[in-house]
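Student: Below is a structure I'd like to ask you about.
2 protein chains.
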Amino acid sequence: MIKIQQNTLYGEAAARIRDMINDGTLLPGTRIPEKQLCEQFGVSRTPLREALKVLASEGMVELLPNRGARVVRLTRQMLEETYSVMGALEGLSGELACRYITEEEVADIQALHYQMMAHYKRKEIRPYFELNHRIHDAIMLAARNEVLRETHSSLNYRIQRVRYSSMIDEYWDQAVADHEAMIECLLARDGERLGSILREHLRHKLVVAAASGVIDDDPGVARSRSS
Amino acid sequence: MIKIQQNTLYGEAAARIRDMINDGTLLPGTRIPEKQLCEQFGVSRTPLREALKVLASEGMVELLPNRGARVVRLTRQMLEETYSVMGALEGLSGELACRYITEEEVADIQALHYQMMAHYKRKEIRPYFELNHRIHDAIMLAARNEVLRETHSSLNYRIQRVRYSSMIDEYWDQAVADHEAMIECLLARDGERLGSILREHLRHKLVVAAASGVIDDDPGVARSRSS
DNA sequence: ATTCTCTATTCTGTATTCATAATTCATTTT
DNA sequence: AAAATGAATTATGAATACAGAATAGAGAAT
Chain A
0 MIKIQQNTLY GEAAARIRDM INDGTLLPGT RIPEKQLCEQ FGVSRTPLRE
50 ALKVLASEGM VELLPNRGAR VVRLTRQMLE ETYSVMGALE GLSGELACRY
100 ITEEEVADIQ ALHYQMMAHY KRKEIRPYFE LNHRIHDAIM LAARNEVLRE
150 THSSLNYRIQ RVRYSSMIDE YWDQAVADHE AMIECLLARD GERLGSILRE
200 HLRHKLVVAA ASGVIDDDPG VARSRSS
Chain F
0 MIKIQQNTLY GEAAARIRDM INDGTLLPGT RIPEKQLCEQ FGVSRTPLRE
50 ALKVLASEGM VELLPNRGAR VVRLTRQMLE ETYSVMGALE GLSGELACRY
100 ITEEEVADIQ ALHYQMMAHY KRKEIRPYFE LNHRIHDAIM LAARNEVLRE
150 THSSLNYRIQ RVRYSSMIDE YWDQAVADHE AMIECLLARD GERLGSILRE
200 HLRHKLVVAA ASGVIDDDPG VARSRSS
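As given, the protein sequences belong to chains A and F, one line each in that order. Position one of the first sequence corresponds to residue 0 (numbering that gives the first Met the number 0), numbered consecutively onward. Position one of the second sequence corresponds to residue 0 (numbering that gives the first Met the number 0), numbered consecutively onward.
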């Protein structure tokens, strides 16, 4: 299986800027210095600016006419809105998944689940998150809806940076309980219930994210940081 | 109230290309002739290509490396997927709207509804669609979720071209019945039921669109048309 | 006559250049 | 001393120029 690599410069640039935003190299609210990034990436401004257009329609950056691009700041308002929408999408993915998922896929997810549980018991947070993500992704794939997957993925980009921010034990237990229930639903092909669990599941995540203090609601912070 | 016009050339170009796709000037599957559009719009290739990047991440066009941009062809598969996702989003909008909508907004929607009913009785299809759209938009606004609105709007762009394609009487009656029920739900603030009605409502639309023959499932058509 | 190959042309992707808007800093005025 | 004004600098938005890939067409070979 040969993978066709369509490496365009603007695509590469977009990916790298996305990463820089997620890992905190580019801070929310700060200006994105075109010239500097051009030198860093070794490309001219044309592909870089095209990349910014893409990121803008993904909601990662905002373009102010004649004032360049800024990293979008995640307000609590926006985070709540995004989680609400993602909840609806994941809920749908659960319903559809139960309709189309194969025995093999369910078995795979179960395997991932037990792996995840092992990490949970050992309080290994990173591997836990990794497995957690793969489970949700597997459900999304089982939904057999590419539009859904892309839409969800696009929203997910925006909030990546608050994802692995913190973990409260209380929430963690709840999350694991949710996952247990999810497996049950998959086995029983109970789409409706899986849907509601997934919607609720995201609601819980929001609480954690909101509590973690990654969000900057104070409009003054970003500007002062740009110096 | 002064409206700040952030008219960038690439934004203008994107809007115009979007319209050209929706009104059939640019046919699905055909290549988008950069040079020609540049001359037509009176801009250089730079802003036009930036516009294409935006449209690509909206899902209106697809960019093939070194082979330019093509108008995305709407397959039945894709249309079904899109409607499914939009159903989830509109369903959510219904739930949220019932939570946040004011008396005034409900009254406005009721007014729009009666206007729409008048057009329905006179079988004035275009004005009917117009009001129909405004009602759904008003509900979306009442949901107080900008992320939801943008996400929905972006998906809506893609399928605009099949929207006003045809109208079967049987479906029309059903749609009007749905709308009657929607008003009831809004008055009763029954978010859950409004949600399900909206989801179903979209399912019906899909049937009509699928039957209307706007979709091209044959992979050969587009290529031959590009000559 | 048909197919294959090689060349010429066209078109895309990227770099560079130019014009204009925004910002900064120094000077002046109150 | 603080604020305001204006010139210089910088950055953005758009146009042009250039390199390389893809396509089309002519000619040769079967």
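Think of the CB as a built atom: it goes at the ideal place given N, C-alpha and C, for glycine as much as any other residue. Everything numeric in this text was worked out from a predicted model, so none of it was measured.
Which residues in chain F have a C-beta closer than 8 Å to the C-beta of TYR154(A)? List them in chain order.
Tutor: In the sequence under discussion, the amino acid at residue 154(A) is Leu, which differs from the Tyr named in the question. Those are VAL146 and THR150, listed as they occur along chain F.
Student: Tell me the residue span of the alpha helix (DSSP H) that contains GLU183(A).
Tutor: 168–187
Student: In terms of residues, what are the limits of the beta strand (DSSP E) holding ALA106(A)?
Tutor: It is not in any beta strand (DSSP E) - ALA106(A) instead sits in the alpha helix (DSSP H) that spans 102–120.
Student: May I ask you to list, following chain order, the residues of the segment 72–83 of chain F that have a beta carbon less than 7 Å from some beta carbon of chain A?
Tutor: MET77, GLU80, THR81 and SER83
Student: Can you pull out the residues from the segment 25–58 of chain F whose beta carbon lies closer than 8 Å to at least one beta carbon of chain A?
Tutor: Listed by position along the chain: THR45, ARG48, GLU49, LYS52, VAL53, ALA55, SER56, GLU57 and GLY58.
Student: Please check if any C-beta of chain A sits within less than 8 Å of the C-beta of PRO126(F).
Tutor: no
Student: So, for GLN159(A): in the same chain, excluding its five sequence neighbours on each side, which residues have a beta-carbon less than 6 Å away from its beta-carbon?
Tutor: ASN21
Student: Would you mind listing the beta strand (DSSP E) stretches within the segment 11–83 of chain A that are 3+ residues and don't spill past its ends, in chain order?
Tutor: 60–63 and 67–70
Student: If we ignore side chains and look at the alpha-carbon of each, how far apart do THR81(A) and LYS122(F) end up?
Tutor: 39 Å
Student: Are any of the Cβ atoms in chain F nearer than 8 Å to that of ALA87(A)?
Tutor: yes
Student: Could you run through the segment 87–114 of chain A and flag, in chain order, every residue whose CB is less than 8 Å away from some CB of chain F?
Tutor: ALA87, LEU88, GLY90, LEU91 and LEU95
Student: Please go through the same chain and pick out, in chain order, the residues whose beta-carbon is closer than 6 Å to the beta-carbon of GLY86(A), but skip the five residues on each side of it.
Tutor: ARG198 and LEU201
Student: In the structure shown, what three-state DSSP assignment does THR7(A) receive?
Tutor: coil
Student: Once you ignore the five residues that flank HIS151(A) on each side, which residues in its own chain have a CB closer than 8 Å to its CB?
Tutor: Cβ neighbours of HIS151(A) beyond the five flanking positions: MET85, LEU88, GLU89, SER92 and MET139.
Student: Relative to the C-alpha of ARG157(A), which candidate in TYR9(A), VAL42(A) and MET59(A) has its C-alpha closest?
Tutor: MET59(A)
Student: Can you tell me which of ASN131(A), VAL146(A) and ASN144(A) puts its alpha carbon nearest to the alpha carbon of TRP171(A)?
Tutor: ASN131(A)
Student: Roughly how many angstroms lie between the CA atoms of LEU95(F) and LEU185(F), to the nearest whole one?
Tutor: 11 Å
Student: How about VAL71(A) and LEU25(A): are their beta carbons less than 8 Å apart?
Tutor: no
Student: Less than 8 Å separating the beta-carbons of HIS118(A) and ILE134(A)?
Tutor: no
Student: From ASN6(F) to CYS97(F), what distance separates their C-alpha atoms?
Tutor: Whole-angstrom Cα-Cα distance: 36 Å.
Student: Out of ARG125(A), ASP136(A) and PRO126(A), which has the shortest C-alpha to C-alpha gap to ASP107(A)?
Tutor: Among ARG125(A), ASP136(A) and PRO126(A), the Cα nearest to that of ASP107(A) is on ASP136(A).
Student: State the DSSP-derived secondary structure class of ALA87(A), mapped to helix, strand or coil.
Tutor: It is helical.
Student: List the whole-angstrom C-beta distance separating LEU47(F) from GLU33(F), where the pair is believed to meet the contact cut-off of C-beta under 8 Å.
Tutor: Right, their Cβ atoms sit about 6 Å apart.
Student: Helix, strand or coil for GLU94(F), going by three-state DSSP, please let me know.
Tutor: In the structure shown, GLU94(F) adopts helical secondary structure according to DSSP, grouped into three states.
Student: Please report the distance separating the alpha-carbon of ASP189(A) from that of ALA141(A).
Tutor: 14 Å
Student: If distances are taken between C-alpha atoms only, which option among ARG30(F), PRO27(F) and ALA12(F) comes closest to GLU38(F)?
Tutor: ALA12(F)
Student: Check each candidate in GLY41(F), ILE182(F), ALA176(F) and THR29(F) and name the one with the smallest Cα separation from LYS120(F).
Tutor: ALA176(F)
Student: Tell me the DSSP secondary structure of VAL206(A) in three-state form.
Tutor: helix
Student: Going straight from the alpha carbon of ILE16(A) to that of GLN173(F), what length do you get?
Tutor: 48 Å
Student: Look at ILE31(F) and ALA68(F) and say whether their C-beta atoms are less than 8 Å apart.
Tutor: yes
Student: Would you decide whether ILE196(F) is buried or exposed? Buried here means 16 or more other CB atoms lie within 10 Å of its CB.
Tutor: Answer is buried; the Cβ neighbour count reaches 16.
Student: Need the endpoints of the alpha helix (DSSP H) that ALA142(F) sits in, please.
Tutor: Where ALA142(F) is concerned, there is no enclosing alpha helix (DSSP H), given that its DSSP letter is neither H nor E.
Student: Between the C-alpha atoms of ASN65(A) and TYR127(F), what's the straight-line distance to the nearest angstrom?
Tutor: 41 Å
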